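Everything on this sheet refers to the single structure shown next.
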Amino acid sequence: MHIAVIGAGYVGLVSGACLADFGMRVICVDKDKEKIEKLKKGEIPFYEPGLEELVKKNIKAERLYFTTNLEEAVKNSLVIFICVGTPSNPDGSADLSQIKEVALSLAEVIDEYKVIVTKSTVPVGTNRWIKSLIDANKKSDVAVDIISNPEFLREGAAIE
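Pasting the structure below:
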């Protein structure tokens, strides 16, 4: 199975590396070109026990890739994980601007059925909102399903 992971931060990178280690072909996407170039070399931008080894192993096994090209990643994947930041707004609500940006970007490039997995921490109802954004803006008349798989990683033990 081919999987795209949008967002190569802590959640996205750990998720992508672990999925690759289970035998999936995973392409991690991030807008940060410098980060992607480092990840292609197996250089991890933060410390998580076992992650660097896992990333290098799966790059070598050609199961884990990194790119800044969202369209390339989406076109070659059935499942798309959204792993972008949702920091708190001053009022305590989740800032969903990065989720919205991803949803609108996906609408531009999806041209066949996809399963979109929300891994980011989001409030109840966000999946319906993502689906409505994609459906209202997609260029092709294709179905998408949105599911939730919230992250519950514990830093320092995420690989376990």
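Number 64 in full-length UniProt numbering belongs to position 64 of the sequence shown; there are no gaps in the numbering. We put the CB at the ideal spot given by N, CA and C, even for glycine. If you're wondering where the values come from, they're calculated on a predicted model, not measured in any experiment.
>> Quick check on Asn58: buried or exposed, where buried means 16 or more other Cβ atoms within 10 Å of its Cβ?
In response: buried
> What are the boundary residues of the beta strand (DSSP E) that Val115 is part of?
Replying inline: 114–118
> Going by the beta-carbon positions, is the gap between Leu13 and Cys28 smaller than 8 Å?
Replying inline: yes
> Taking all protein chains shown into account, do 16 or more other C-beta atoms lie within 10 angstroms of the C-beta of Glu48, making it buried, or fewer, making it exposed?
Replying inline: buried
>> If you measure between the beta carbons of Ile130 and Ala94, is that distance less than 8 Å?
In response: no
> With a Cβ-Cβ cutoff of 8 Å, do Val122 and Ile99 count as a contact?
Replying inline: yes
> Name the DSSP beta bridge partners of Arg25, please?
Replying inline: His2
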